[in-house]
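Quick note on numbering: the sequence shown equals residues -16 to -1, 1 to 784 in mature numbering (1 follows the signal peptide of the UniProt record, and there is no 0). The beta carbon of each residue, even a glycine, is placed where N, CA and C say it ideally should be. Nothing here was measured: the structure is a model prediction, and the numbers come from that model. In what follows, a structure is listed as structure tokens, so that the remarks can point back to it.
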Amino acid sequence: MISTAFLVLGSAIVDAATPWDGSRFAWYTSDAGNDFQSALPIGNGRLGAAVFGMAEEKLVLNENSVWSGPWLDRANPKSKDAVPKIRQMLILGNITGAGESAMDNMAGNPTSPRAYHPLVNVGIDFGHSSGISSYTRWLDTYQGTAGVNYIHGGTNHSREYVASYPHGVLAFRLSASGQGKLNVKLSLSRAQWILSQTARTGSGASAHTVALSANSGQASEAITFWSEARILNSGGTATSPDGKTISITGADMVDVFFDAETTYRYPSAAAAQAELKRKLDAAVAAGYPAVRKAAIDDFSSLMGRVKLDLGSSGDAGLQPVPTRLSNFKRNPNADPQMMTLMFNFGRHLLVSSSRDTGPRSLPANLQGIWNRDYSPAWQSKYTININLEMNYWPALVTNLAETQKPVFDLINVAIPRGQAVAKTMYGCDHGFMLHHNTDLWGDAAPVDKGTPYTVWPMGAAWLSADAMEHYRFTQNKTFLQQVAWPILRQTAQFYHCYLFQWNNYWTAGPSLSPEHAFVVPQGMRQAGKSEGLDISIEMDNQLLHQLFTNINETCATLGLPPTDPDCTAARAKLPQIRPPTINPTTSRLQEWRSSSYADTEPGHRHFSPLWALYPGSQLTTSVSLTTAAAALLDHRMASGSGSTGWSRAWAVNLYARLVRGDDAWRHAQTLIQTFPSPNLWNSDNGPGTPFQIDGNFGLVAGMAEVFLQSHDWTVHLLPALPKVVGGKGRVDGLVARGGFVVRELVWEGGLFVRASIEARSGGLLRVRVQGGMGFFVDGKRYEGAVETEVGGLYEITAAA
């Protein structure tokens, strides 16, 4: 890889600091040290920065298409002949033999796709190794900015960091209160594959160049990238004393503009370099104040769509984050603004890590866009048996639908890969499929090697459901026709080939219940052994039911002819998908094909058999299914589930969907007491364990779910309002399916007071309020669905 940094001179102005707000700001009285999970994250959807705030500042920068290398064809050609034999072994009960054959014949080679890599580090040395006082470091979740302020030698020093989506760059302002008091040394560095490094200064411009390559050390075998930092200083002089750094002495202010471009998105190196130059030229010409204003206007316009008010925390909400987290563990109800801050922080992360950046936009990965490791946990890739999907649970309901566009871009990249794997590994000439992980190349082959997780051919089914949900919330028929429908039909075409008849049902297998294993029962081989591979998995059946339901709905919505082969096939398949089964002994929803299977982990972190409770809704269609789902959830939690941040976040959503708001909120509070790192990122098992961004996003969705639900096409206001927040509060801007935006949803004394509902798309508005209380619509008692007009606003008030 080739990376270049240019440093250019100029001027700018500092704005006054904004007063702290405990619902909006995360702030600290010390720097992050060397702890990445204390650094403050900002991003423009493609470029990310983690701000450490040290006197010898370190910024870890990322670009979301910098991965460890080119596409790998990992598909196992032995699979095609092995699958029918493996399936027959499973049908006959030779569970262990089937698993062994699957690992021998179906595992990818190599077993993992590409990994997400860091871009570069920016070093900014102020020479302030001691003598610092009045230190403050902050993140503004509303504006998407971060900063550092302190006093050194009687001079106020400040830094502000901005990620601009409009200009496509990162921008930093460094300033000092005294004239000529700012001295900085700037550098770019990378820990691997540095091929050359030079720096130079000249009249009006400074340049710092680093040539880099990832993976093999050969640029031809890697994604090539170029990065530039241009620096404009007011006062002072710039030199390059060692040919590797740029030193500025005696300045009043320094502005830095940074961009990086890669060959992932461009047809040639020249095109990528031209785009880099274009963006930086435009940013420098605009100047820092204009870049900053455009960035903040853009970011706050998205963040401002939803406002949550759970009440003031008083002095408790004015403390730095480490103090608040510590106090929250002892008494969570004393700081309701901490809950609001986590809600806002999660939305901040989504806006920062997932934007439409062109035809090959990339979604937030396992760490969003923030990663400093060359061997990150789980390769920081896209895990699609829960994690990638959870990243986008808050997108639609919290009014950020456009952040989901990168997911569909990645699916389009993956479709030809998935078509090839469907043919090579499963002998299916039509349709596309994915297993439980992918990378930026759309890798579709199985990942890792173990019977509880490797062979799960259901990834495309889950992602296709997300495409349908995007339509249900936005009512955008163009999207349905041009984006969702091709994904749905090509996904279904694979299953028309892959499914087989078993006990009079169309059945998937070999497959598994993600990452969970069972004890092989008596009468099967080898009894007593822990295995993962089987047929007719409950989650698979739920995903198939949802897929064919979605196709039927799409065929009707788009007015496709009844003879359309994709519509005809889905209509035929849907009634023959095995319905959810209730275990006759436990009265809990059954995860496996037989009630004789025993869990190896009753408290397993995945809630896969409850997919159709949340994010799906099939299990809400009857009292018996809902009761059985609740029994399984309670059993799973009592046995120790919720052991990771993302698992606990899923539990929040499941309890909210069961209309058990007190349980949902209790688990939301437990998540915040247990899993956030110092910078509020979700962790796997608690601070110090790997960062996983999905728990941040899942928490936001779960909080929204207690205030608004619409999975049954009814706008249900306050379906699961928790008692601890029921005193007084409001939320504005949440979105329901059908394109309805809920404005000014207000409650007092634990009861609904009023709301306004905006009909973006018109159509029938069905409303339910807080479990069935009476209410008025525009002053008239509600007695049934209301026909709405596009753009109409409908006032909902509680009946006396």
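Task: S159 - partner residues in DSSP beta bridges - done: S142, M237
Task: Secondary structure of K433, DSSP reduced to three states - done: coil
TODO: From the DSSP output, in three-state form, read off D15 for me.
DONE: coil
TODO: List the whole-angstrom C-beta distance separating E779 from S745, where the pair is believed to meet the contact cut-off of C-beta under 8 Å.
DONE: That pair is no contact at about 19 Å.
TODO: For my contact list, R589 and S627 are in at a C-beta cut-off of 8 Å; report their separation, rounded to the angstrom.
DONE: 5 Å
Task: Whole-angstrom distance between V153 and A633, CA atom to CA atom - done: 32 Å
Open item on the list: Any beta carbon from chain B within less than 8 Å of R8's own beta carbon?
Closed with: Among the chains in the structure shown there is no chain B, since it carries only a single protein chain.
- [ ] Compute the Euclidean distance between the alpha carbons of Q257 and E245, then round it to the nearest angstrom.
- [x] 7 Å
- [ ] State the Cα-Cα distance for the pair E386 and L617, rounded to the nearest angstrom.
- [x] 32 Å
Task: Candidates E47, V730, M73, S606: closest to S211 by CA position - done: E47
Task: Beta-carbon proximity check, G443 vs H420, cutoff 8 Å - done: yes
TODO: Indicate whether the contact test is met: 3 or more Cβ pairs, each with one atom in the stretch 648 to 660 and one in the stretch 601 to 617, closer than 8 Å.
DONE: no
Open item on the list: So, with DSSP's three-state summary, where would you put E779?
Closed with: strand
Open item on the list: Quick check on DSSP: helix, strand or coil for G768?
Closed with: coil
TODO: Kindly indicate the opening and closing residues of the beta strand (DSSP E) around residue 785.
DONE: Only positions -16 to 784 of the chain appear in this structure, which leaves residue 785 out of reach.
TODO: Count the other C-beta atoms from every protein chain shown that fall within 10 angstroms of the C-beta of K707, then say buried if there are 16 or more, exposed otherwise.
DONE: exposed
Task: the stretch 438 to 455 contacting the stretch 105 to 119, beta-carbon criterion three pairs below 8 Å - done: no
Open item on the list: In the DSSP assignment, the beta strand (DSSP E) including E728 goes from what residue to what residue?
Closed with: 724 to 732
Open item on the list: Between the alpha carbons of L45 and G131, how many angstroms are there, rounded?
Closed with: 16 Å
Task: Other residues of its chain near A91: CB distance less than 7 Å, five sequence neighbours each side excluded - done: N60, P430, K433, T438
TODO: Pick helix, strand or coil for P505, following the three-state DSSP scheme.
DONE: coil
Open item on the list: Going by DSSP in three states, Y455 sits in which element: helix, strand or coil?
Closed with: helix
Open item on the list: Can you give me the C-alpha to C-alpha distance between G402 and N666, rounded to a whole angstrom?
Closed with: 31 Å
TODO: Taking P470 as the reference, give the member of D427, V405, V503, C551 with the closest Cα.
DONE: C551
Task: Cβ-Cβ separation, W490 to I561 (assumed contact under 8 Å), whole Å - done: 6 Å
Open item on the list: From the DSSP secondary-structure annotation, give me the bridge partner or partners of D583.
Closed with: F502
Open item on the list: Under 8 Å, with one C-beta from each stretch per pair, do the stretch 32 to 45 and the stretch 65 to 76 reach the 3-pair mark?
Closed with: no
TODO: Classify residue 788 as helix, strand or coil using the three-state DSSP reduction.
DONE: Beyond the ends of the chain as shown, which are -16 and 784, falls residue 788; an answer cannot be given.
Task: Residue range of the beta strand (DSSP E) that includes E40 - done: 40 to 47
Open item on the list: Just to check my reading of the structure: G512 and V503 have Cβ atoms closer than 8 Å, yes? What is that Cβ distance to the nearest angstrom?
Closed with: 6 Å
Open item on the list: Tell me the residue span of the beta strand (DSSP E) that contains residue 814.
Closed with: Nothing can be reported for residue 814, as the shown portion of the chain is limited to -16 through 784.
Open item on the list: If the criterion is Cβ atoms closer than 8 Å, does the pair D236 and A155 meet it?
Closed with: no
Task: D281, buried or exposed, once every other Cβ within 10 Å from all chains shown has been counted against 16 - done: exposed
- [ ] Grab the span of the alpha helix (DSSP H) containing G682 for me, first residue to last.
- [x] 678 to 691
Open item on the list: Determine whether the beta carbon atoms of M287 and I656 lie at a separation below 8 Å.
Closed with: no
Task: Beta-ladder partner(s) of P25, from DSSP - done: A34
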